[in-house]
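Number of protein chains: 2
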Amino acid sequence: MKQVKYTLDEKQIPTEWYNIQADLPKPLPPVLHPGTKEPIGPQDLAPLFPMELIKQEVSTERYIEIPEEVRDIYRLWRPTTLYRARRLEKALDTPAKIYYKYEGTSPPGSHKPNTSVAQAYYNKKEGINRITTETGAGQWGSALAFAGACFGIEIKVYMVKISYQQKPYRRVMMETWGAKCIPSPSEETKAGRDMLAKDPDCTGSLGLAISEAVEEAAGREDTKYSLGSVLNHVLLHQTVVGLEAKKAMEEIGDYPDIIIGCVGGGSNFAGLFLPFVKDKIDGTKPDIKIISAEPFSCPTLTKGNFTYDFGDVSGNTPLLKMNTLGHGFIPPPIHAGGLRYHGMAPIISHLMDLGLVEAKAIHQLDIFKAGVQFAQHEGIIAAPETDHAIAAVVEEADKCKESGEAKTILFNLSGHGHFDMSAYEDYLAGKLQNYEYPQALIDDAMKEIPQL
Amino acid sequence: MKQVKYTLDEKQIPTEWYNIQADLPKPLPPVLHPGTKEPIGPQDLAPLFPMELIKQEVSTERYIEIPEEVRDIYRLWRPTTLYRARRLEKALDTPAKIYYKYEGTSPPGSHKPNTSVAQAYYNKKEGINRITTETGAGQWGSALAFAGACFGIEIKVYMVKISYQQKPYRRVMMETWGAKCIPSPSEETKAGRDMLAKDPDCTGSLGLAISEAVEEAAGREDTKYSLGSVLNHVLLHQTVVGLEAKKAMEEIGDYPDIIIGCVGGGSNFAGLFLPFVKDKIDGTKPDIKIISAEPFSCPTLTKGNFTYDFGDVSGNTPLLKMNTLGHGFIPPPIHAGGLRYHGMAPIISHLMDLGLVEAKAIHQLDIFKAGVQFAQHEGIIAAPETDHAIAAVVEEADKCKESGEAKTILFNLSGHGHFDMSAYEDYLAGKLQNYEYPQALIDDAMKEIPQL
Numbered sequence: 001m002k003q004v005k006y007t008l009d010e011k012q013i014p015t016e017w018y019n020i021q022a023d024l025p026k027p028l029p030p031v032l033h034p035g036t037k038e039p040i041g042p043q044d045l046a047p048l049f050p051m052e053l054i055k056q057e058v059s060t061e062r063y064i065e066i067p068e069e070v071r072d073i074y075r076l077w078r079p080t081t082l083y084r085a086r087r088l089e090k091a092l093d094t095p096a097k098i099y100y101k102y103e104g105t106s107p108p109g110s111h112k113p114n115t116s117v118a119q120a121y122y123n124k125k126e127g128i129n130r131i132t133t134e135t136g137a138g139q140w141g142s143a144l145a146f147a148g149a150c151f152g153i154e155i156k157v158y159m160v161k162i163s164y165q166q167k168p169y170r171r172v173m174m175e176t177w178g179a180k181c182i183p184s185p186s187e188e189t190k191a192g193r194d195m196l197a198k199d200p201d202c203t204g205s206l207g208l209a210i211s212e213a214v215e216e217a218a219g220r221e222d223t224k225y226s227l228g229s230v231l232n233h234v235l236l237h238q239t240v241v242g243l244e245a246k247k248a249m250e251e252i253g254d255y256p257d258i259i260i261g262c263v264g265g266g267s268n269f270a271g272l273f274l275p276f277v278k279d280k281i282d283g284t285k286p287d288i289k290i291i292s293a294e295p296f297s298c299p300t301l302t303k304g305n306f307t308y309d310f311g312d313v314s315g316n317t318p319l320l321k322m323n324t325l326g327h328g329f330i331p332p333p334i335h336a337g338g339l340r341y342h343g344m345a346p347i348i349s350h351l352m353d354l355g356l357v358e359a360k361a362i363h364q365l366d367i368f369k370a371g372v373q374f375a376q377h378e379g380i381i382a383a384p385e386t387d388h389a390i391a392a393v394v395e396e397a398d399k400c401k402e403s404g405e406a407k408t409i410l411f412n413l414s415g416h417g418h419f420d421m422s423a424y425e426d427y428l429a430g431k432l433q434n435y436e437y438p439q440a441l442i443d444d445a446m447k448e449i450p451q452l
Numbered sequence: 001m002k003q004v005k006y007t008l009d010e011k012q013i014p015t016e017w018y019n020i021q022a023d024l025p026k027p028l029p030p031v032l033h034p035g036t037k038e039p040i041g042p043q044d045l046a047p048l049f050p051m052e053l054i055k056q057e058v059s060t061e062r063y064i065e066i067p068e069e070v071r072d073i074y075r076l077w078r079p080t081t082l083y084r085a086r087r088l089e090k091a092l093d094t095p096a097k098i099y100y101k102y103e104g105t106s107p108p109g110s111h112k113p114n115t116s117v118a119q120a121y122y123n124k125k126e127g128i129n130r131i132t133t134e135t136g137a138g139q140w141g142s143a144l145a146f147a148g149a150c151f152g153i154e155i156k157v158y159m160v161k162i163s164y165q166q167k168p169y170r171r172v173m174m175e176t177w178g179a180k181c182i183p184s185p186s187e188e189t190k191a192g193r194d195m196l197a198k199d200p201d202c203t204g205s206l207g208l209a210i211s212e213a214v215e216e217a218a219g220r221e222d223t224k225y226s227l228g229s230v231l232n233h234v235l236l237h238q239t240v241v242g243l244e245a246k247k248a249m250e251e252i253g254d255y256p257d258i259i260i261g262c263v264g265g266g267s268n269f270a271g272l273f274l275p276f277v278k279d280k281i282d283g284t285k286p287d288i289k290i291i292s293a294e295p296f297s298c299p300t301l302t303k304g305n306f307t308y309d310f311g312d313v314s315g316n317t318p319l320l321k322m323n324t325l326g327h328g329f330i331p332p333p334i335h336a337g338g339l340r341y342h343g344m345a346p347i348i349s350h351l352m353d354l355g356l357v358e359a360k361a362i363h364q365l366d367i368f369k370a371g372v373q374f375a376q377h378e379g380i381i382a383a384p385e386t387d388h389a390i391a392a393v394v395e396e397a398d399k400c401k402e403s404g405e406a407k408t409i410l411f412n413l414s415g416h417g418h419f420d421m422s423a424y425e426d427y428l429a430g431k432l433q434n435y436e437y438p439q440a441l442i443d444d445a446m447k448e449i450p451q452l
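Chains as they are written, first to last, in the numbering used here: chain A, 1 to 452; chain B, 1 to 452.
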């Protein structure tokens with residue numbers, strides 16, 4: 001069998017992130033203030049984020065330098081390996097060439113530290129020694145905890161209470177890196193106390209955890225807040241994935257016809273495709289297909305509206321123009337916790353509106369079927385989120401088998417599933433089902449989208 | 001910061017395993033038949049192992065070719081990365097240079113598939129489509145399950161019942177790769193039924209699980225048995241670790257003064273040091289210190305006798321000359337499940353007897369302290385077994401700080417701790433204690449060692 005792994009030299013870790021805002025055919029719509037509905041300025045965000053990240057949020061510079069201190073941490077796991085899935089190709093009997101960039105070798109096990117490390121660095125540089133955040137199942141919280149350990153920053157994570165109780169191991173991971181993790185709703189914020197007064201048994205939600213983390217950061221001089229997806233600067237930091245993949249494929253002498261990734265807030269997928277979509281925009285590679293894979297149970301891109309909405313459930317964040325199912329939309333309890341978000345990164349939503357990205361929804365049973373198939377041939381047991389991408393890849397590879405075309409497919413294997421084995425257990429035991437959200441309920445949730 | 005990762009090219013995956021039996025100053029003592037107490041021949045082992053592995057067990061050829069089919073699977077994660085722990089060095093303020101070979105990126109998360117893949121291959125080649133084995137916490141069972149998926153071999157794992165119930169995720173991993181995993185004691189073997197008749201609530205033990213797996217393999221023409229440590233052929237397969245490490249250090253222009261690894265059965269550590277101990281034997285590097293790190297609670301090398309004993313608790317296996325605490329020794333329930341074995345690989349025991357390897361025992365609280373320190377500086381959360389090696393490394397690095405010597409330390413980071421977070425949870429919650437086995441109880445257990 002021929003080579004399966006392509007790993008760049010450590011010296012080839014990118015020195016700059018790629019900023020898509022420099023190359024958009026049409027600029028991103030402005031972010032609006034939740035009260036005035038007018039475009040916000042940097043000072044509106046200053047209580048929550050360090051100024052350097054606020055600048056990156058709106059920058060139109062094509063390349064933004066990666067600080068040497070951030071690259072020093074990236075060295076612990078970057079450059080990540082680009083694999084050729086030769087054993088899967090053979091099992092599928094497809095003429096397609098399947099490549100994947102594996103981000104699961106970072107200490108927290110996913111792409112998330114590409115941005116948590118950068119965010120922690122800029123906070124530290126501006127004198128911030130304390131950051132709050134929220135986490136659902138714990139992927140993001142553990143990535144920020146790791147970054148906090150790297151720079152000596154105190155990290156406080158509001159973890160949705162039901163996950164805190166049922167999935168203790170991500171929490172222990174955070175604590176091992178020195179972070180404080182508390183169940184949300186908590187007694188430590190007004191948002192938490194109000195909820196507990198209403199319902200002492202409340203098991204929490206991501207929207208509520210966001211409210212608690214934001215409230216604490218906004219109320220304390222010494223504390224900022226950090227978000228793990230959706231925002232422009234988060235996607236910017238993730239472009240190390242795509243820049244490395246592009247460089248490796250260049251060295252191999254190949255280029256993807258199809259790029260695939262799973263999307264919740266959108267950061268892992270954007271990280272991979274943004275450096276390639278540049279070539280589609282400038283006409284060098286007009287025919288690349290860029291496919292977002294999302295769950296049928298939370299079909300933000302395939303059924304949502306492209307409009308202004310809040311980022312959180314309670315409606316306190318600035319208004320972002322994005323694909324949304326309505327900020328009150330509560331997805332069913334699928335196992336891919338990282339994809340259960342009502343909105344989508346404004347950059348991805350905008351590119352889809354421009355016809356540069358497409359989307360497909362996938363059923364839960366299909367994603368686990370693909371994940372098990374992948375594990376049996378390629379070895380890696382992927383996160384259920386990532387299995388959405390794998391299912392879409394298998395479908396494209398099957399199309400190639402039918403048509404006889406030897407297309408080159410590239411996808412982001414965004415994380416391993418070592419902390420998600422209960423999901424595989426339920427699948428293998430036949431306990432899972434598909435969820436397709438009734439259109440009427442989606443229509444209801446979308447009625448809550450604010451009218452401007 | 002300077003380079004931290006050294007990864008060989010995929011073409012540099014070793015083409016041959018290194019066989020220490022070619023270079024031993026004194027040959028290994030023979031293996032004896034449990035009944036006759038006479039040296040056994042290949043035919044005695046034929047019901048359990050394919051002939052090629054039996055030949056490897058006694059071979060004195062210096063290099064044994066790695067079949068291309070095995071290297072093709074190794075490619076999925078090999079060569080593994082050799083890291084320089086620059087951030088840990090800085091935190092310890094030591095002049096020592098600390099390197100580690102990280103085996104946790106294999107699909108099952110440890111060094112174990114280096115041999116499971118080879119064993120599965122030789123079985124398949126000799127027409128065997130079914131293998132039984134036992135597993136405690138699940139590291140070995142999952143490695144063999146992965147290997148079974150690679151070659152289309154049915155794997156049946158007898159998993160100690162208490163682990164089967166309390167630690168379901170390794171089991172789900174095995175099932176995801178297609179293996180069958182059943183709790184031991186089971187109704188499927190005489191050994192299991194006898195035990196259940198005596199004690200229906202028996203939660204099992206590794207010794208009993210071995211008995212069940214061996215009984216089934218011995219009783220079925222179509223089935224062989226597989227062992228994950230201790231035996232010579234297992235250590236042989238693990239030498240890919242040391243061969244790669246040696247090559248990488250050669251490219252860096254460095255050579256270890258001290259080599260450290262944790263030991264249970266001994267395979268991960270032997271895999272690392274055997275290609276180096278060769279240089280100590282032939283006088284090229286007479287001064288390398290080779291240190292085995294074992295738990296105080298199961299002090300096989302530091303307190304055991306070097307004598308003939310059985311490999312299993314019930315006394316049915318051939319007699320091996322090895323360090324042993326007595327085959328009836330039951331270690332306390334420490335979290336490093338992989339180090340709870342009464343014996344030690346005959347090769348390591350023999351090398352220690354020859355004065356080529358030394359050993360030290362480490363307390364449970366010290367290993368977790370070192371593991372947390374390592375995680376906070378190097379990112380990787382290691383398995384509790386591996387934390388024994390890390391604790392020994394920290395101690396040697398501290399000695400260098402005192403003496404001012406810039407020694408080069410190399411250790412095997414044999415696996416990640418993603419399935420051991422409950423151990424870290426207990427440590428962080430202050431629930432753990434040190435265990436030092438009373439000498440009187442060790443003496444009692446050693447009385448059971450057979451007299452020849």
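Even for Gly, the Cβ is constructed at its ideal location relative to N, Cα and C.
Compute the Euclidean distance between the alpha carbons of residue i and residue j, then round it to the nearest angstrom.
i, j, result
"Thr239 of chain B", "Ala397 of chain B", "25 Å"
"Ile182 of chain A", "Ile210 of chain A", "13 Å"
"Ser267 of chain B", "Asn123 of chain A", "45 Å"
"Val241 of chain B", "Phe411 of chain B", "11 Å"
"Ala149 of chain A", "Pro30 of chain B", "51 Å"
"Leu132 of chain B", "Val157 of chain B", "Sequence check: residue 132 of chain B is Thr here, not Leu. Roughly 6 Å between the two C-alpha positions."
"Asp254 of chain B", "Cys400 of chain B", "17 Å"
"Thr176 of chain B", "Met159 of chain B", "16 Å"
"Asn129 of chain A", "Ser314 of chain B", "58 Å"
"Phe306 of chain B", "Lys321 of chain B", "7 Å"
Does residue i get closer than 7 Å to chain B when you measure Cβ to Cβ?
i, result
"Gln119 of chain A", "no"
"Pro384 of chain A", "no"
"Ile381 of chain A", "yes"
"Tyr169 of chain A", "yes"
"Leu505 of chain A", "Any answer about residue 505 of chain A is impossible in this case: the structure gives chain A only from 1 up to 452."
Could you confirm whether any beta carbon from chain A is found closer than 7 Å to the beta carbon of residue i?
i, result
"Met421 of chain B", "yes"
"Arg84 of chain B", "no"
"Val4 of chain B", "yes"
"Arg193 of chain B", "no"
"His418 of chain B", "yes"
"Gln166 of chain B", "no"
I believe residue i touches residue j by the beta-carbon criterion, under 8 Å. Please report the beta-carbon distance rounded to the nearest angstrom.
i, j, result
"Pro331 of chain A", "Cys298 of chain A", "4 Å"
"Leu319 of chain B", "Pro25 of chain B", "Contact doesn't hold; Cβ gap of about 23 Å is too wide."
"His111 of chain A", "Gly311 of chain A", "About 20 Å; that fails the 8 Å criterion."
"Pro295 of chain A", "Ile362 of chain A", "6 Å"
"Leu301 of chain A", "Pro275 of chain A", "Going by Cβ atoms, the distance from Leu301 of chain A to Pro275 of chain A rounds to 21 Å, so no, they are not a contact pair."
"Gln165 of chain A", "Pro79 of chain A", "The pair is not a contact, with the Cβ atoms about 38 Å apart (cut-off 8 Å)."
In the DSSP output, what is residue i paired with across the bridge?
i, result
"Tyr164 of chain A", "BP columns for Tyr164 of chain A are empty, so no partner."
"His416 of chain B", "B:Ala382"
"Trp17 of chain A", "A:Ile64"
"Ile98 of chain B", "B:Ile409"
Would the beta-carbon of residue i be found less than 6 Å away from any heavy atom of the ligand COA?
i, result
"Thr81 of chain B", "Questions concerning the ligand COA fall outside what the structure shown contains, since it holds no ligand whatsoever."
From the beta carbon of residue i, is the nearest beta carbon of chain E less than 7 Å away?
i, result
"Thr36 of chain B", "No chain E is present in this structure, whose protein chains are A and B."
Tell me whether the stretch 115–129 of chain B and the stretch 139–155 of chain B touch, counting them as touching only if at least three CB pairs, one residue from each stretch, are closer than 8 Å.
Between the stretch 115–129 of chain B and the stretch 139–155 of chain B, the count of Cβ pairs shorter than 8 Å is three or higher; the stretches touch.
When you compare the stretch 11–25 of chain A with the stretch 62–78 of chain A, are there three or more beta-carbon pairs, one atom per stretch, that lie closer than 8 Å?
yes
Do the stretch 182–192 of chain B and the stretch 215–229 of chain B make contact, defined as three or more Cβ pairs closer than 8 Å?
Flag = yes, the stretch 182–192 of chain B and the stretch 215–229 of chain B touch.
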